[in-house]
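Scroll down for the structure; my scribbles are underneath it.
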Amino acid sequence: MTHSKPIHLMHIVDKLSMDGLNPNSCAILLKDWITHTDIGQYSITVCSFRASDPGGKFLEKHGITVHYLGLGKYSPKNINAICKLIEENKIDLVHLHGYSAANFGRIASRKKGISNIVHEHAVLKIRPHQYIVDFLLRKHTNLAVTVSHAVKTFVIRGRSIPPSKIHVIGNGIKLEAFKKRGLPENEKFRSGLDIPENRRIVGTVTRLSSEKGTAIFIKAMPKIIAAFPDVFFLVVGDGPLRTQLKNLSEDLNLSKHLKFLGFRSDILALLSIFDIHVLPSLSEGFSLSLVEAMAVGNAIVATRVGGMREILEDEKTGLFIPPNNTEALSEKVSFLLKNPREALKLSESAVHSSRRFGIQSSADSLNRLYQQALEKPTR
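Going by my numbering, the sequence shown opens with residue 96, and the numbers climb by one from there.
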């Protein structure tokens, strides 16, 4: 299908901020996808079910128009509100992120006779009422995107979408932005964080929520410290378990070996000072944190779960451990601390492997899918 005028595309999301203070991962991905899409071919806007928030303002700073419905993600009024936006903005295609967006967006797009794409980013718990809704809406899905084959399996079983409609497109990063910084910069940055000299750093960048497994990482620290007293740990990120995890660290007497840094925007600087990066997730659709760690050249210890199995290659680009296993985590981290040459070999291979996950490649794949969705008749 050839369009003489720009295709009007609207991304619809449940929310753009996880904590009310910072943009969530979806907002960051939307910014990267949109800014790597041909502006001559597409006119792209974003619709959020929430009121204006930092995630939306983040997109607006990059020249992206955001419509705030302010109705919350559970209100059926979202359907008519979406229909109104489709009419006013002459939308040709809606790209739906999140459960409520997928439900209301499919209904609205059917009412207005336009195509839709359902995009699933994670493996979620299948709830009976959600399964019923998805079953009823299955025929109204033009195409679907999943970030990994693990998520595709979930979408087939839990979202009732036929395999023939599902396309696996991994997320991407700006590879050129994740090149490890030089030693002088790193030393200055370490000093600014008040990290003691001559300490090897083991860190994680994550959301502090139960599915990310940060408690397992913290519980493994005492055994690692016993073998390597020079080690220092950094936990980067925020979330609902922040207080609980800090209390756990205090109970384990880790104050001299661990810092919680909260949400940070200077991720490259932080990754550049990590010697080892730990990703202890209990479930994961696709881990951008893992790709970023690989691109910078961190030696990686990660759980063999979900989409991470499709990104990391055990004993070639990192080391896998079973989920929820403190003993295995401490053993693998200790192995890398004891064998720096092996850690270097893994990190060099990880940098090379990360080149598969460039944002432009991801955006180009989505653009091809948009063309396919527009060619499919709406039902």
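From the three backbone atoms N, C-alpha and C, an ideal C-beta is built for every residue, glycine too.
Ranges of the alpha helix (DSSP H) found wholly within the region 254-283, counting only runs of at least 4: Taking only runs of at least 4 residues, no alpha helix (DSSP H) segment lies wholly in the region 254-283.
Simplified DSSP state of Met96, which is helix, strand or coil: Confidence at Met96 is low in this model, with a pLDDT of 48, below 50, so its placement is unreliable and the value that follows should be read with caution. The answer is coil: DSSP assigns Met96 none of H, G, I, E or B.
Nearest candidate by alpha-carbon position, reference Lys65, set Met316, Ser204, Ala217, Thr248: In this structure the chain extends from 96 to 474, so residue 65 is not present and cannot be described.
Val400 to Gly298 span [Cα, whole Å]: For Val400 and Gly298, the distance between alpha carbons rounds to 19 Å.
Environment of Ser442 [buried if 16+ CB atoms lie within 10 Å]: Counting Cβ neighbours within 10 Å, Ser442 comes out buried, since at least 16 surround it.
Cα-Cα separation between Leu116 and Phe153, rounded to whole angstroms: Approximately 11 Å, taken between the alpha carbons.
Distance between beta carbons of Leu365 and Arg359, contact taken as under 8 Å: Under the criterion of beta carbons closer than 8 Å, Arg359 and Leu365 qualify as touching, at roughly 6 Å.
Bridge partner(s) assigned by DSSP for Gly413: Per DSSP, Asp409.
Spatially closest choice to Leu111 from Met105, Cys121, Ile102, by CA coordinates: Nearest C-alpha to Leu111: Cys121.
Distance CB(Gly151)-CB(Tyr163) smaller than 8 Å: Cβ distance < 8 Å, so Gly151 and Tyr163 count as in contact.
Cut-off 7 Å between Cβ atoms - residues of its own chain near Lys427, not counting five sequence neighbours on either side: Counting only Cβ-Cβ distances below 7 Å, and skipping sequence neighbours, we find Val396, Leu414, Ile416.
Extent of the continuous alpha helix (DSSP H) run through Leu232: Where Leu232 is concerned, the enclosing alpha helix (DSSP H) stretches over 223-232.
Of the residues Thr130, Ser429, Pro101, the one placed nearest Val491, counting alpha carbons only: In the structure as shown, the chain begins at 96 and stops at 474. Residue 491 is therefore absent and cannot be evaluated.
Validate contact between the region 308-327 and the region 337-357 using beta carbons, cut 8 Å, 3 pairs: The region 308-327 is in contact with the region 337-357.
Beta-carbon proximity of Val250 to His216, cut-off 8 Å: One thing to note: Val250 has its Cβ no nearer than 8 Å to the Cβ of His216.
Buried/exposed call for Met96, threshold 16 Cβ in 10 Å: Note that Met96 scores 48 on pLDDT, short of 50, meaning its location in the model is unreliable; the coordinates nonetheless yield the value given after this. The C-beta of Met96 has fewer than 16 other C-beta atoms within 10 Å across all chains shown, which makes the residue exposed.
Cβ-based neighbour list, Leu407, same chain, cut-off 6 Å, excluding 5 preceding and 5 following: By the criterion of a C-beta distance shorter than 6 Å, Leu407 is surrounded in its chain by Ala397, Gly413, once the five residues flanking it on both sides are discounted.
For Phe323: DSSP bridge partner residues: None; Phe323 has no bridge partner.
Helix, strand or coil at Ile186 [DSSP, three-state]: It is coil, neither helix nor strand.
Ile313 beta carbon less than 8 Å from that of Ser475: It is not possible to answer for residue 475, since the shown part of the chain is limited to 96 through 474.
Per-residue burial, Pro418 [other beta carbons within 10 Å of its own, 16 or more giving buried]: By the 10 Å Cβ count, Pro418 comes out buried.
Proximity below 8 Å, CB of Ile296 to CB of Asp370: Yes, these two residues count as a Cβ contact at 8 Å.
Beta-carbon gap between Lys247 and Gly392 smaller than 8 Å: No, they are not a contact pair.
Whole alpha helix (DSSP H) elements within the region 118-202, 4-residue minimum: Within the region 118-202, the complete alpha helix (DSSP H) runs of at least 4 residues are 120-130, 149-156, 172-183.
Supposed close pair Val108, Ser143 - CB separation, criterion 8 Å: Their Cβ separation, rounded to whole angstroms, is 5 Å, which keeps Val108 and Ser143 in contact under 8 Å.
CB of Phe199 within 8 Å of CB of Ile159, strictly: No.
In DSSP terms, what Ile371 is bridged to: Residue pairing of Ile371 in beta bridges, as defined by DSSP: Val297, Ala394.
For Tyr465, the three-state DSSP class (helix, strand or coil): Tyr465 falls in the helix class under three-state DSSP.
Reference Val263; option with closest CA among Leu469, Ala458, Glu470: The alpha carbon of Val263 has as its nearest neighbour, out of Leu469, Ala458, Glu470, the alpha carbon of Ala458.
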